[in-house]
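Enquirer: Right, I'll just put the structure down here and ask away after.
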Amino acid sequence: MRSEGADLEIRYCREDIEPEAAERLVVRMPEGMITLSPSPDQCIHAEYELHGNASLLPSWKASVRRHDRILIISNDSPQDVYTASVSLTVPNCVKDLEIHSMKGEIDIRDCESDILAISEFGAVHIHGGRSVEASSVQGSVTLLNCGSATVNTIDGSVKCSKINGSLHIETQGGDIQASRIKGNVIALTKDGDISVFRPEGRIRLISHDGDIELELSGNFGGGEATTYSGDINLMLEQANVEFRAETLSGQISSPGTTIASGAGPRRCAYRIGEGTKRLHVKSVLGDIEVE
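In terms of the UniProt record's numbering, the sequence shown is residues 1 to 291.
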């Protein structure tokens, strides 16, 4: 982007943007970190950190467009201007956020809106929000104190905690960690590990080559956990489940009796507590351990 010996500067710009009747805010930036937080008033306060050619920086300006009830803030920077960071405050009249970044991170905190956040190569961090959708190709995704959530990554890891609704996660090679989820949990990954702690709804956990770790509480809603070549570790001491485990060539370590039939699969089934919910776990090649 920059030629050697060019006259480079760092410039900070600020502007106030009236949302008018906008209920949806769309932000599109090619690079740099995007940060959003609640506004102290009914105005969008924007701050930009720019790096680039000194002759081009004074004329730089973000593009602000309006369509119906949608406000779009984007950056069509000249080749020699780099947007290092963008910070926006969001008024409570904005009910929907849609944030796009090609190379930068996205950090959204305490915005009580529906949120869609997409970064190709950067991480996504969201604290708060009602219905959340987040995706990244190579970056990690972290969600905390959200309503229902949907997450997609290719190689990035996913960490979610204190989700008040349902949670749906899909990755190719990233690890998945979810804790204190009140709704149903679906976690699917090809090569990553899955760790789920104390879910209150139903679960569906599937990993092809990764391990699965599951800790249950008395509020568990039932479900299944399956891996092809990974191991499964279960902590069921405080659960009320009707438990069934199966592995083709691995070992089962549990308080119940394991039944093996020649070269066929090993199976184990028993009840913990009142056994009000059902849990079925299966590993084709891996071991299953119950604590």
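Heads up, the beta-carbon is just placed ideally off N, CA and C, and yes, glycines get one too.
It should be emphasised that the depicted structure is a prediction, and the values quoted were computed from it without experimental measurement.
Can you tell me the Cα-Cα spacing of L56 and D80, whole angstroms?
Expert: Your numbering for residue 56 matches position 56 in the sequence shown. Your numbering for residue 80 matches position 80 in the sequence shown. Roughly 8 Å between the two C-alpha positions.
Enquirer: Can you list, in chain order, the stretches of the beta strand (DSSP E) that have 3 or more residues and sit fully within the stretch 90-153?
Expert: If we require 3 residues or more, the beta strand (DSSP E) runs fully inside the stretch 90-153 come out as 96-101, 106-109, 114-119, 124-127, 132-136, 141-146, 149-153.
Enquirer: Is the stretch 140-157 touching the stretch 169-179 in the sense that three or more CB pairs, one from each, lie closer than 8 Å?
Expert: Flag = yes, the stretch 169-179 and the stretch 140-157 touch.
Enquirer: Quick check: what's the CA-CA separation for G5 versus W60?
Expert: One-based indexing of the sequence shown puts residue 5 at position 5. One-based indexing of the sequence shown puts residue 60 at position 60. Residue confidence is low: G5 scores 47 on pLDDT, short of 50, so the model does not pin down where it sits. Its coordinate-derived value is still stated next. Each residue's Cα considered, the two are about 21 Å apart.
Enquirer: Taking a contact to mean a Cβ-Cβ separation below 8 Å, would you say N145 touches K162 in this structure?
Expert: Counting from 1 along the sequence shown, the entry for residue 145 is found at position 145. Counting from 1 along the sequence shown, the entry for residue 162 is found at position 162. Yes, these two residues count as a Cβ contact at 8 Å.
Enquirer: Per the contact definition of three or more C-beta pairs closer than 8 Å, is the stretch 213-220 in contact with the stretch 243-255?
Expert: These segments do not touch.
Enquirer: In whole angstroms, what is the alpha-carbon distance linking R2 and A84?
Expert: Against the sequence shown, residue 2 aligns to sequence position 2. Against the sequence shown, residue 84 aligns to sequence position 84. In this prediction, R2 has a pLDDT of 42, which is less than 50 and means its spatial position is unreliable; what the coordinates show is noted afterwards. Rounded to the nearest angstrom, the two C-alpha atoms are 14 Å apart.
Enquirer: Is L236 helix, strand or coil when you go by DSSP?
Expert: Counting from one through the sequence shown, the residue named residue 236 turns up at place 236. Residue state, collapsed to three classes: coil.
Enquirer: Sorted by chain position, which residues of the same chain lie with C-beta nearer than 6 Å to Q201's C-beta, five sequence neighbours on each side aside?
Expert: As a working note, residue 201 is residue 201 in the sequence shown. Note that residue 201 corresponds to Gly in the displayed sequence, not to Gln. Around G201: G183, N184, G221.
Enquirer: Rounded C-beta distance between C111 and Q42? I'm assuming under 8 Å.
Expert: Position 111 of the sequence shown, counting from 1, holds the residue named residue 111. Position 42 of the sequence shown, counting from 1, holds the residue named residue 42. Not a contact, Cβ separation roughly 14 Å.
Enquirer: What separation, rounded to the nearest whole angstrom, lies between the Cα atoms of E224 and L205?
Expert: Counted from its first residue, the sequence shown places residue 224 at position 224. Counted from its first residue, the sequence shown places residue 205 at position 205. Answer to the nearest angstrom: the Cα atoms are 6 Å apart.
Enquirer: Let's see if you can read the secondary structure: which residues bound the beta strand (DSSP E) around K190?
Expert: As a first step, residue 190 is located in the sequence shown; it is residue number 190 there, counting from the start. From DSSP, K190 is part of no beta strand (DSSP E); its letter is neither H nor E.
Enquirer: Look at D211 and T227 and say whether their C-beta atoms are less than 8 Å apart.
Expert: As a working note, residue 211 is residue 211 in the sequence shown. As a working note, residue 227 is residue 227 in the sequence shown. In this structure, T227 lies closer than 8 Å to D211 by Cβ.
Enquirer: Give the single residue among N53, R24, E49, L36 whose Cα lies nearest to the Cα of D7.
Expert: Position 7 of the sequence shown, counted from the start, is the residue given in the question as residue 7. Of the candidates N53, R24, E49, L36, the one whose C-alpha sits nearest the C-alpha of D7 is N53.
Enquirer: Indicate whether G275 and I232 have their beta-carbon atoms separated by less than 8 Å.
Expert: By one-based count along the sequence shown, residue 275 stands at place 275. By one-based count along the sequence shown, residue 232 stands at place 232. No, Cβ-Cβ distance for G275 and I232 is not below 8 Å.
Enquirer: Please tell me whether S135 and I118 are closer than 8 Å, where the distance is taken between their beta carbons.
Expert: Position 135 of the sequence shown, counted from the first residue, corresponds to residue 135. Position 118 of the sequence shown, counted from the first residue, corresponds to residue 118. Closer than 8 Å, so yes.
Enquirer: If you drop the 5 nearest sequence neighbours on each side, which residues of the same chain put their C-beta closer than 6 Å to that of A245?
Expert: Sequence index remark: in the sequence shown, residue 245 carries index 245 (1-based). If we look at A245 and ignore the five residues flanking it on each side, its Cβ neighbours are I252, C268, V281, I288.
Enquirer: Roughly how many angstroms separate the alpha carbons of S113 and S179, rounded to a whole number?
Expert: To locate residue 113, count along the sequence shown from 1; it is residue 113. To locate residue 179, count along the sequence shown from 1; it is residue 179. Rounded to the nearest angstrom, the two C-alpha atoms are 22 Å apart.
Enquirer: By Cβ distance below 6 Å, which residues in the same chain neighbour E23 in space, the five residues on each side in sequence not counted?
Expert: Counting from 1 along the sequence shown, the entry for residue 23 is found at position 23. R69, K95.
Enquirer: With DSSP run on the structure shown, which of helix, strand or coil describes L214?
Expert: Within the sequence shown, the letter at position 214 stands for residue 214. Reduced to three states, the DSSP call for L214 is strand.
Enquirer: Between the Cα of L50 and those of E9, D191, S39, D107, spot the shortest distance and give me the residue it belongs to.
Expert: Counted from its first residue, the sequence shown places residue 50 at position 50. Residue E9 is the option with its Cα nearest to L50.
Enquirer: Comparing C-alpha positions only, which one of G273, Q238, I203 sits nearest to L279?
Expert: As a first step, residue 279 is located in the sequence shown; it is residue number 279 there, counting from the start. Among G273, Q238, I203, the Cα nearest to that of L279 is on I203.
Enquirer: Suppose the cutoff is 6 Å on Cβ atoms and the five residues either side in sequence are ignored; what does the same chain contact list for S74 look like?
Expert: Here the question's residue 74 lines up with position 74 in the sequence shown. Around S74: R28, S63.
Enquirer: Below 6 Å CB to CB, which residues in the same chain sit around T35 once its five sequence neighbours on both sides are set aside?
Expert: In the sequence shown, counting from the first residue as 1, residue 35 sits at position 35. Result list for T35: S87, D107, in chain order.
Enquirer: Give me the Cα-Cα distance between G139 and S101, rounded to the nearest whole angstrom.
Expert: Taking the sequence shown and counting its residues from 1, one reaches residue 139 at position 139. Taking the sequence shown and counting its residues from 1, one reaches residue 101 at position 101. If I take the Cα positions, the gap works out to 11 Å.
Enquirer: Would you mind stating whether G147 and N164 have Cβ atoms separated by less than 8 Å?
Expert: By 1-based counting over the sequence shown, the position of residue 147 is 147. By 1-based counting over the sequence shown, the position of residue 164 is 164. For G147 and N164, yes; Cβs fall inside 8 Å.
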